[in-house]
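Presented below is the structure to which this report refers.
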Amino acid sequence: MEKIPMPALKAFVDDFFVLKTQIRLIEHLPELSRITVSLLDNGAGPALIVEAAARTADEIAAYRKAVGSEATTDRATAEGALRSFVSRVVVGAEACPYARSPDLAAVGLEAKGVSPGPVAYRFSPTSDACVAVAAFWQSCIELLSAPPEEISTTLLSLPNVDGGDHARFAAVVEVISRYLCLYRGDGIFGLVHFHPEYDRGSIYPLDKPLYGHLPPMGWLRPMMRKCGSSKAADTLTDEELALSNYQRRAPHTMINILRVSHLDAATGGKSIVDLDIGGGVIEKASGINLYSKNAIRLAAIGKANLEAGLGAEVAMQN
35 MEKIPMPALK AFVDDFFVLK TQIRLIEHLP ELSRITVSLL DNGAGPALIV EAAARTADEI
95 AAYRKAVGSE ATTDRATAEG ALRSFVSRVV VGAEACPYAR SPDLAAVGLE AKGVSPGPVA
155 YRFSPTSDAC VAVAAFWQSC IELLSAPPEE ISTTLLSLPN VDGGDHARFA AVVEVISRYL
215 CLYRGDGIFG LVHFHPEYDR GSIYPLDKPL YGHLPPMGWL RPMMRKCGSS KAADTLTDEE
275 LALSNYQRRA PHTMINILRV SHLDAATGGK SIVDLDIGGG VIEKASGINL YSKNAIRLAA
335 IGKANLEAGL GAEVAMQN
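Residue 35 is where the sequence shown starts when you use my numbering, and the numbers rise one by one after that.
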């Protein structure tokens, strides 16, 4: 720990204190509410002091139930369901134009200096947010240590961490994104968050972009108009546009960890544009062509087909 700069340690301690005051997050992260973190520097080297309060009887019961779910979660089954989703949505519905199979990523970027590489499937059965964060950092370290020809991108499956609760999923991945950005890891990795009930319309903030998530639902029509798809913007219903959520509805909670160098090669230098979202408000937006095409394509596939595909993949895990 002596090699970690004191300001970096202090930034973590200070932010963790702030996190515990944010009720909208901490009410879904009871394991974090038990923990306090402080920083000690006695001249011999810094030390983090981590203390945890004893669990209540209700917390012990919830913990035992969660651990039971972890024991019955099969990695091979979860990976099979996820591969089906990648084949059906990411490749089949062309949610990502640079994926050609569940095993190969960054296809079609050779002219920009990026060669196709393997997709790494990683898994943790944990139901604990702290362990999930650790699994995430372990995946980041692995991706950082491996050349792109060995691992192009990582899909980290966390099937139990949400406890079947979309709000907890949103809280867990926000914490993960938060600490990646705190140490400027967002300049190295990009994140894409997935959940079986993914609903951008219920993820805070509703009207602003959020790292790792789809753009606000209210931005889709302006994006389409900006891309020249005014007819779709004018004719698709709100219910049809909401089907864009299905590009993030994997059979379980999953985080796609991408290399920013690959994202830059894919989007080029004109990814961020000024978007008129109405009412005289101009916002910076990125990926508008892809998000617009995906929304139109998923609306054409239809709710019944999308629900059937997802339902079959969820059932594969049971």
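For each residue, glycine too, the CB sits at the ideal point set by N, CA and C.
These numbers come from a predicted model, not from an experiment.
Same chain only: Cβ atoms within 6 Å of residue i, ignoring 5 sequence neighbours per side
i: residue 270; result: 333
i: residue 155; result: 113, 189
i: residue 305; result: 320
i: residue 136; result: 117, 120, 121
i: residue 296; result: 140, 148
i: residue 111; result: 351
i: residue 70; result: 85
i: residue 263; result: 326
i: residue 258; result: 266, 267, 326
Residue i in three-state terms, based on DSSP
i: residue 141; result: coil
i: residue 76; result: coil
i: residue 37; result: coil
i: residue 156; result: strand
i: residue 305; result: coil
i: residue 312; result: strand
i: residue 161; result: coil
i: residue 263; result: coil
i: residue 284; result: coil
i: residue 94; result: helix
i: residue 236; result: helix
i: residue 318; result: strand
i: residue 110; result: helix
i: residue 242; result: coil
i: residue 202; result: helix
i: residue 62; result: coil
i: residue 117; result: helix
i: residue 127; result: coil
i: residue 231; result: coil
i: residue 323; result: helix
i: residue 336; result: coil
Beta-bridge partners of residue i, as assigned by DSSP
i: residue 290; result: 189, 226
i: residue 271; result: Answer is none; residue 271 lacks a bridge partner.
i: residue 21; result: Not covered by the structure: residue 21. The range shown for the chain is 35 to 352.
i: residue 135; result: 138
i: residue 151; result: 139
i: residue 69; result: 86
Cβ-Cβ separation, residue j to residue i (assumed contact under 8 Å), whole Å
i: residue 35; j: residue 64; result: At roughly 27 Å, the Cβ-Cβ gap does not stay under 8 Å, so residue 35 and residue 64 are not in contact.
i: residue 118; j: residue 350; result: 7 Å
i: residue 336; j: residue 122; result: At roughly 14 Å, the Cβ-Cβ gap does not stay under 8 Å, so residue 336 and residue 122 are not in contact.
i: residue 266; j: residue 330; result: 5 Å
i: residue 291; j: residue 174; result: 6 Å
i: residue 365; j: residue 40; result: Given a span of 35 to 352 for the chain in the structure shown, any question on residue 365 remains unanswerable.
i: residue 157; j: residue 109; result: 5 Å
i: residue 348; j: residue 256; result: Residue 348 to residue 256, Cβ: 33 Å. No contact.
i: residue 152; j: residue 186; result: 6 Å
Beta-carbon contacts of residue i that lie in its chain and below 7 Å, excluding the five residues immediately before and after
i: residue 328; result: 129, 278, 281
i: residue 340; result: 277, 280, 332
i: residue 299; result: 143, 146, 147, 148
Own chain, CB closer than 8 Å to residue i, minus 5 neighbours either side, in chain order
i: residue 307; result: 260, 318, 319, 320, 322
i: residue 67; result: 54, 60
i: residue 160; result: 104, 166, 169, 192, 194, 195
Near the ligand ATP: residue i beta-carbon under 7 Å from a heavy atom
i: residue 47; result: Ligands are entirely absent from the displayed structure, and the ligand ATP is therefore not among its contents.
Mind the definition here: the segment 248 to 259 touches the segment 82 to 96 only if three or more C-beta pairs lie below 8 Å; say whether that holds.
no
Do three or more CB pairs link the segment 44 to 51 to the segment 194 to 201 at distances below 8 Å?
no
Three CB pairs or more closer than 8 Å across the segment 200 to 209 and the segment 178 to 188
no
Are at least three pairs of beta-carbons, each pair with one atom in the segment 130 to 138 and one in the segment 164 to 174, less than 8 Å apart?
no
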